[in-house]
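Residue numbers (our numbering): 4 to 572. Built from N, CA and C at the ideal position, the CB exists for glycine as well. Below is one structure; the comments refer to it alone.
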């Protein structure tokens, strides 16, 4: 197949010859000579062939040059295509957002990272630097712009910066941006290519580590970190101590780093504790001990010492962290507390023994006195003064006997914190209480309202609950108001697993603002009644608490009093 220049040349010659023939025929017709015709025709043929050869030469040269240029363009296109493919592969491999900024035209292009990393769609991405700068956090924008333009003006050799870049959803990501500058032949900056890397997770981790560092350095507890493994039967060497450790031990960090915590041992240190720590290190388990240790100045102090293993991502132990607290004062207080507890325990035993002895030793003489007073009652006494003395003596003796009996009851309750419980009918309990107080009830005729149908049975000690209700009912009658009819209300209700027994009256009441903390105290009296001993409510509270319940009081002077007893049923 002929080349294109030859084809064009052949077409040129054919067309030129055709035109020459037409022209010569025209001349012949115009009556020119034959000799002139042949001469002119031959001359034209030679001219056409000559110009065709020159034309073919020029076309061939142009074709060779065009082929060379075309090959170079194809080669350049291949290189550009390969470069773009590498560019895309690198961009995908690094997950970076690549940007290309033509500075003079202020034309900015982005790769797909702007969509994948920051969520911007293609039509949302601007093509100028303004769009880029508008997305930078206001607090970072000025600093970043100054550094960037300083770099473009060739005032700095390299440019990279960290700032916050706004995402499509309005949130910000921390980014690391690096740029490379392209210059023209005059050294003027014409183009800049950069890569934005999302470092949000690294920043968050960095902030978290800074926070942890602040916590460790500011902690009042002594913290030290050691290597993973121990040698020569020693605790692993120290690699870090916080300021609190230096303050507690007296050792500065440069004095203790690289040494084993065994240096804190002393004459009174417990060797068993060291074995426990070494065993925990061998087993890679956490341990907590309390031991005597020594400061740099050999000051002895108690320390609560923990060893906690730190594992790396592969599950291999990398370090041990120890948190230490100086518990010298705590130990001192515990020792004093134990000493006080022993003293109180012994005092309670002595008091209890004294109470037993006193009640036992007084019972016999009191019984004799009561017997003698009963005998005297059968003897007529004519002297009125002697009779009055004997009556007062008789009354005092019976009051003393009642007091001793109440004290014995308290001792029995305190000495026997557990008792047998049974299902008790509250109605039967009140019948027994009313029968015991029938004389007082008949004398004062109070209005008594009972609502016990919601809790017919109560799991409790029958003797105690009778004693409690007897004391409360007696107090209501004793401390009734002289200005109104005595009304007593007793209700029982159950909520979930608790029974609430409420005992209310409209008596003279108690001034709780002055006496709330004394209501259930031993020998606490709130009214000037001659037969008031101040023991009843103390006995009630003791019995309630012995049965696992609680009691509270609400009262107002001249309006009445309410006791609320709570039991688990």
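Within the region 150-209, the beta strand (DSSP E) runs of at least 3 residues that lie entirely inside it are, in chain order, 162-169, 175-186 and 192-201. Annotated as distal: residue 289 and residue 307, with beta-carbon spacing of 7 Å or more. For residue 447, no beta strand (DSSP E) segment is defined; the enclosing uninterrupted segment is the alpha helix (DSSP H) at 441-447. Residue 510 is a Cβ neighbour of residue 484, given a cutoff of 7 Å. Comparing alpha carbon positions, the residue from 222, 318, 55 and 25 closest to residue 14 is 55. DSSP places residue 58 in the helix class (H, G or I) of the three-state scheme. Taking 7 Å as the cut-off, the beta carbon of residue 217 is found no closer than this to the beta carbon of residue 176.
A Cβ-Cβ distance of about 7 Å is found for the pair residue 464 and residue 423, placing them in contact under the 8 Å criterion.
When DSSP states are grouped into helix, strand and coil, residue 82 belongs to the helix group. Ranked by Cα distance from residue 126, the options 113, 286 and 102 are led by 113. CA-to-CA, the gap between residue 381 and residue 444 works out to about 31 Å. Taking C-beta separations shorter than 7 Å and ignoring five residues to either side along the sequence, the partners of residue 143 in its chain run 166 and 167, following chain order. Take residue 397, set aside five residues on each side of it, and the residues of its chain with a beta-carbon closer than 6 Å to its own are 376, in chain order. In the three-state DSSP reduction, residue 308 falls in the strand class (E or B). Membership of residue 450 in the beta strand (DSSP E) is indicated by the continuous run 450-454. The Cβ atoms of residue 553 and residue 564 do not sit closer than 7 Å to each other.
Selection 337, 323, 431 and 493 evaluated against residue 450 yields 493 as nearest (Cα-Cα). Spanning the alpha carbons of residue 332 and residue 325 requires a straight line of approximately 21 Å.
Fewer than three pairs of CB atoms, one per stretch, sit closer than 8 Å, so the region 207-214 makes no contact with the region 257-268. Non-local beta-carbon contacts of residue 390 in its own chain, meaning distances under 8 Å to residues more than five positions away in sequence, involve 384 in chain order. Contact between residue 539 and residue 435 fails: their C-beta atoms lie close to 18 Å from each other, not under 8 Å. Assignment of residue 328 by DSSP, reduced to helix, strand and coil, places it in the strand class. The Cβ neighbour count for residue 301, taken over all protein chains shown within 10 Å, is under 16; the residue is labelled exposed. The continuous beta strand (DSSP E) containing residue 495 extends over residues 490-498. By the neighbour-count definition (other C-beta atoms within 10 Å, threshold 16), residue 245 is a buried residue. Selection 395, 508 and 349 evaluated against residue 482 yields 508 as nearest (Cα-Cα). Distance from the CA atom of residue 164 to the CA atom of residue 134, rounded to whole angstroms, is 18 Å. Between residue 267 and residue 297, the C-beta spacing is below 7 Å. When 76, 304, 210 and 284 are compared, the shortest CA-CA separation from residue 270 is found for 304.
Here residue 243 carries a strand assignment [DSSP, helix/strand/coil].
Assignment of residue 541 by DSSP, reduced to helix, strand and coil, places it in the helix class. Spatial neighbours of residue 514 in its own chain (CB-CB distance under 6 Å, excluding positions within 5 residues in sequence) are listed in chain order as 560. Annotation: residue 320 to residue 82 spans about 51 Å, alpha carbon to alpha carbon.
Counting only residues of its own chain and dropping the five nearest sequence neighbours on each side, residue 256 has a CB closer than 7 Å to the CB of 244 and 249.
Contact between residue 184 and residue 155 holds, with the beta-carbon distance rounding to 7 Å and staying under 8 Å.
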